[in-house]
Every structure is written in C-alpha cells, then in structure tokens.
C-alpha cells in the first residue's frame, strides 16, 4: 500500500463546477503540500498545510491530522485549472517528501 | 526575484555515460531538494541539501549523488547511466525544508539511449 493515496485518479468537470480532490496518508507527517503540474512539467506549490484550512483565490485546502486526510477544493472551475494535482507529505520521521500519484483534472468549457 | 533555474533543460546521453545537472535556487534559499519524475513511478525524492550538508537521501542507488556549494547552488550527478534513468529531474528550493513552501525549477529532461 502506498503511503500517500489520492482520489480520484482522473477527473473531468464542466466549467463552473465545484471540484474536490482527496489525499489520504498512512504515516505521521509534519506538513502536507498540494502541487499543481501543467503539461510541459512545471510544478507550482499551491499550499503547504500542517493544520486547518487555507484559501487562495478559488482554491481551498483542508487537512484533518487525526484522520490523516486532506482535500483540495476548486470553486467555479475553469479550463485553465486543467492540470495534474499532486499531494505530497513531509514525513515526521525520515526527513523526506513522499508523493501521491496525482489526479489528472480536465475542465471542459 | 529570479526563480529556480536548472541547466541544462534537455540532455541526451548513452548508457554507461555520466551526467551532471545543475540547480540554482532562489536567492536567500538554503535548502535544495532533487526529485526524479517518470511516467511509471511518478515523483520520487532523491536527496535534500541544506547549508552544504545532505540532510536525507531517498531510495536510489549510489550512482546518484549530489552536492551543494556555499552559494547554495547544487549539482546532482548520475554515473554509469542506465535506460531507466531517463526522466525529468526537478529541483526545488525553500528557506527551510519542512516549514516553507517549495519552489520548483523547470526541470532537466534526461534521455538515455
């Protein structure tokens, strides 16, 4: 079993829809990152969370440390949101970042 | 502020050769991490350097090595290249690894023939 599991693997949405991507992990962590990767490879860090909730524009990230679960929400989705979204956890022991497999999001206009 | 830069952007090598990739972090950032991305394995952690010291290493063979200089620039080296080393190699910099946002470079696309 992977230490970081994301769901869904693929997601197609219509423009304007509310989108949720989930991330579950099985290890103790000190931080969780949500990353966005567009075709061509460039990765942008969206959020770094260790507790609670963060919001940036139309993006909201939440984390529940007790349940070992995080969600990334996109409100009023737009075709430019089409990308791969990757969850990564910084392990409490071992000082390394472990990545989920990513969620491929396609937003159709 | 200039972003993270990586050179070269593209590289083609043959099996058995060695390669050195370079990463220049954002000014003031002291942590540099390296990652390998392949279609089969996704993103995997290679190693992290902070103030010229390797803090941690991922599960890669000893053919993969790195170093960090006093100006925080980092290099990674892969010796005796294998076909499976073909990948996108990304570096990321941050002020402090586990408390700050990571800023990724554009990556070096390595193809091993």
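Protein chains in written order, with this note's numbering: chain A, 1 to 109; chain B, 110 to 222.
C-beta atoms are modelled at their ideal positions from N, C-alpha and C, and glycine is treated no differently.
Neighbourhood of residue 10(A) by C-beta, 6 Å cutoff - its chain only, sequence neighbours within 5 removed: Result list for residue 10(A): 104, in chain order.
Reference residue 222(B); option with closest CA among 190(B), 145(B), 200(B) and 204(B): When each option's Cα is compared against that of residue 222(B), the closest is 190(B).
List, in chain order, every chain B residue whose beta-carbon is nearer than 7 Å to that of residue 43(A). Within chain B, the residues near residue 43(A) are 199 and 213.
Could you compute how far the alpha carbon of residue 80(A) sits from the alpha carbon of residue 155(B)? Annotation: residue 80(A) to residue 155(B) spans about 31 Å, alpha carbon to alpha carbon.
Using 8 Å as the cut-off, can you tell me whether the segment 84 to 91 of chain A makes contact with the segment 19 to 38 of chain A, which would need three or more C-beta pairs spanning the two stretches below that distance? Enough Cβ pairs lie closer than 8 Å, so yes.
At a cut of 8 Å, does the segment 193 to 211 of chain B reach the segment 128 to 141 of chain B through at least three beta carbon pairs? With the cut-off at 8 Å, the segment 193 to 211 of chain B and the segment 128 to 141 of chain B touch.
Kindly indicate if chain E contains any beta-carbon less than 9 Å away from that of residue 18(A). Among the protein chains of the structure shown, namely A and B, there is no chain E.
Going by the DSSP bridge assignment, what does residue 133(B) pair with across the sheet? Per DSSP, the beta bridge partners of residue 133(B) are 114(B).
Terminal residues of the beta strand (DSSP E) in which residue 63(A) lies: Its beta strand (DSSP E) spans residues 59 to 64.
Would residue 144(B) count as contacting chain A if we go by Cβ distances under 9 Å? It does: the Cβ of residue 144(B) has a partner Cβ on chain A nearer than 9 Å.
Return the chain-ordered list of same chain residues with a C-beta closer than 7 Å to the C-beta of residue 8(A), the five sequence neighbours on each side being excluded. Around residue 8(A): 103.
What is the C-beta distance between residue 24(A) and residue 69(A), in whole angstroms, given that I count them as a contact (C-beta under 8 Å)? Confirmed, Cβ separation roughly 5 Å.
Can you tell me the Cα-Cα spacing of residue 123(B) and residue 117(B), whole angstroms? The alpha-carbon of residue 123(B) is positioned some 16 Å away from that of residue 117(B).
Member of 89(A), 2(A) and 13(A) whose CA lies at the smallest distance from the CA of residue 50(A): The shortest Cα separation from residue 50(A) among 89(A), 2(A) and 13(A) belongs to 89(A).
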